[in-house]
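The sequence shown runs 1 to 128 under UniProt numbering.
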Amino acid sequence: MFQAAGAAQATPSHEAKGSGGSSTVQRSKSFSLRAQVKETCTACQKTVYPMERLVADKLIFHNSCFCCKHCHTKLSLGSYAALHGEFYCKPHFQQLFKSKGNYDEGFGRKQHKELWAHKEVDPGTKTA
């Protein structure tokens, strides 16, 4: 009887050791030991860490580097307007570009209607 009780006690402790020793730790598949690609800020060219990362028009910025080109006011994703890769606060965007009626004139570029005029007078086509 003593042996049977000892055998009964030995079996559960042996099962606990067997299940604990043979199990393997599974790691998440998303976890990797590879180095993360360092992202750089478009404005200052320094490393951007995930907590300070801001993406506007597919460009990466620090929160503090995302500023109006004209007045250097800090911008947010809801308070900016972009034109030709430059970022402005909405009041300065309207002041600088909207009042002229076209966006190209504010930058010294040719107006679109000049480009259209050249297409209408095409020397290759002759009219009767």
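Ideal Cβ positions, reconstructed from N, Cα and C, are used throughout, including at glycine.
Identity of the residue in the options nearest residue i by Cα
i     : options                       : result
Met51 : Cys89, Lys69, Ser64 and Cys44 : Ser64
Cys68 : Val37, Tyr49 and Ala43        : Ala43
Phe61 : Phe87, Gln94, Cys71 and Leu83 : Phe87
Lys58 : Cys89, Ala82 and Tyr49        : Ala82
Status (buried if at least 16 other CB within 10 Å, exposed otherwise) for residue i
i     : result
Leu75 : buried
Val37 : exposed
Beta-carbon separation (whole angstroms), residue i vs residue j, contact threshold 8 Å
i     : j     : result
His70 : His92 : 4 Å
Backbone CA spacing between residue i and residue j [nearest angstrom]
i     : j      : result
Arg53 : Leu96  : 28 Å
Gln45 : Ala56  : 16 Å
Tyr80 : Glu114 : 29 Å
Leu77 : Cys41  : 16 Å
Residue i beta carbon near the ligand ADP (any heavy atom closer than 7 Å)
i     : result
Leu59 : This structure does not include the ligand ADP; it has no bound ligands of any sort.
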